[in-house]
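Taking the numbering used here, the leading residue of the sequence shown gets 14, the next gets one more, and so forth.
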Amino acid sequence: EPEAEELDPTPTAEDLNSDDEEFSVQVAASDDVTLSDEELDRKLQEFGEYDPTLDLSSYEPPVIDLLVDHGSGELTVTKEELEENKNNIVRTLGHYNIGIERIKATIGPTVTLYEIIPQAGVRISKIKNLEDDIALSLAALGIRIIAPIPGKGTIGIEVPNSNPQVVGMRAVVASDKFQNSGAELPIVLGKTISNETFVTDLAKMPHLLMAGATGQGKSVGLNAILVSLLYKKHPSQIKFVLVDPKKVELSLFNKIERHFLAKLPGSEEAIITDTKKVVATLNSLCIEMDERYELLKDAQVRNIKEYNAKFIKRRLNPENGHRYLPYIVLVVDEFADLIMTAGREVETPIARLAQLARAIGIHLIIATQRPSVNIITGTIKANFPARIAFRVTSKVDSRTILDSGGAEQLIGRGDMLLSTGNDLIRIQCAFV
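Quick look at the structure:
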């Protein structure tokens, strides 16, 4: 028997030719045109990279003169004050048979740091226990002992200056450190105790929890963060969602509504002051988060930075739903008030955003007076590695915020401790 001939399953135009004159066959060409990397590069040179700022090309960044000048920033500590404090520290430690090999003073805007190297054989815990005695001998409020200073091998005693200096927002925004910062979301908080401008990246934080007693500077801290982002970013690169139950703290920012503020369609005001409307806003942010993750999945990238870089190089097709993704910063003032009025409905979306939103450019800044368990649950708190504590009344409150003491010994008026997970930095918050 002759072997059966194998048939090719995909017929070509030649196989299907017919003797019938009216019947012709044509194999359809594929619509998908895939360009090689060389062709993509050639197109990129021809059209240039995508520029998100062209969406609002007439926008001009704010000028530095809009900020109030709070003085030159010169230090006002006299030599006599330094000498007197040094002698008092040495004398007090001498009463308890603690010898000192060397002592050095670093002057800051509101606090002077005295670094001491004790003699060999002196127990650090012994000096730490003398906090109140040193405060008594110096007749000063807010003495803080750092034993030891991380990475230095010395013990630090922080003593408030008798004439504290105001750190102006204008001075820190104009500094080279902030102007030349390569951070994705640079925020300038103020000056450290060594009088250096402190700039950090909100994108790396990735969420921030601020707490402190009434009138100690929480709202000033929020203003400093918002102002520094406004000075560095174009409206196409960042959007703010502002929640202000107090109704007056963030209302100044309603003038930038058409450029920087994101709001739900149909809502009248961009700054949310009604706690009933907060739940809808948070749920819509969760939907935005899920949509952004889908875009990242399609683009085969891991975070917003890689995604936007790919979009700028025109490697992603807008017809497939791809778009340039701005960062979104959610700011909530007086979070405790939200929990009291909306409760669980607010907690669930906030917990979801805190856990998942950092990779797709949504960052949370939450301010409250005391982040106790009934206000901020353990799940939410665990996702806020960066915390700012202003002055609080007791050591228990300080532990609630920072997981360590120290905030009860601050002197108020913008004096704060920033915990980034591994160490505490004392900063004098900039005044806008």
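Virtual Cβ for every residue (Gly too), placed ideally from N, Cα, C.
These numbers were taken from a predicted model, which means no experiment stands behind them.
Residue i versus residue j: straight-line alpha-carbon distance, rounded
i: residue 291; j: residue 249; result: 24 angstroms
i: residue 259; j: residue 96; result: 46 angstroms
i: residue 54; j: residue 65; result: 19 angstroms
i: residue 421; j: residue 116; result: 26 angstroms
i: residue 281; j: residue 371; result: 28 angstroms
i: residue 84; j: residue 191; result: 19 angstroms
i: residue 71; j: residue 216; result: 27 angstroms
i: residue 100; j: residue 147; result: 11 angstroms
Residue i (DSSP reduced to helix, strand or coil)
i: residue 355; result: helix
i: residue 132; result: coil
i: residue 445; result: coil
i: residue 75; result: coil
i: residue 122; result: coil
i: residue 204; result: strand
i: residue 261; result: coil
i: residue 424; result: coil
i: residue 286; result: coil
i: residue 45; result: Its pLDDT being 49, under 50, residue 45 is placed unreliably in this model, and the value from its coordinates should be taken loosely. Coil.
i: residue 276; result: coil
i: residue 281; result: coil
i: residue 65; result: helix
Proximity of residue i and residue j at Cβ, strictly below 8 angstroms
i: residue 3; j: residue 119; result: The requested residue 3 is not part of the displayed model; the chain covers only 14 to 445.
i: residue 172; j: residue 127; result: yes
i: residue 374; j: residue 317; result: yes
i: residue 445; j: residue 182; result: yes
i: residue 167; j: residue 129; result: yes
i: residue 443; j: residue 121; result: no
i: residue 63; j: residue 325; result: yes
i: residue 241; j: residue 200; result: yes
i: residue 378; j: residue 221; result: yes
i: residue 205; j: residue 254; result: no
i: residue 270; j: residue 283; result: yes
i: residue 402; j: residue 225; result: yes
With 16 other Cβ atoms within 10 Å as the buried cut-off, status of residue i
i: residue 43; result: Low confidence applies to residue 43: its pLDDT is 47, below 50, so where it sits in the model is not reliable, and the reading given next is rough at best. Exposed, since its Cβ has fewer than 16 Cβ neighbours within 10 Å.
i: residue 429; result: buried
i: residue 52; result: exposed
i: residue 45; result: With a pLDDT of only 49 at residue 45, under the threshold of 50, the placement of this residue in the model should not be trusted, and no figure is reported.
i: residue 197; result: buried
i: residue 193; result: exposed
i: residue 339; result: buried
*Segments of 3+ residues assigned as beta strand (DSSP E) that fall wholly inside the segment 212-259*: Counting whole runs of 3 or more residues, the segment 212-259 contains the beta strand (DSSP E) stretches 221-224, 251-256.
*alpha helix (DSSP H) runs wholly inside the segment 292-347, at least 4 long, in chain order*: Counting whole runs of 4 or more residues, the segment 292-347 contains the alpha helix (DSSP H) stretches 317-325.
*asked:* For a minimum of 4 consecutive residues, which ranges assigned as the alpha helix (DSSP H) are wholly contained in the segment 125-182?
replied: For the segment 125-182, whole alpha helix (DSSP H) runs of length 4 or above, ordered along the chain, are 137-141, 144-151.
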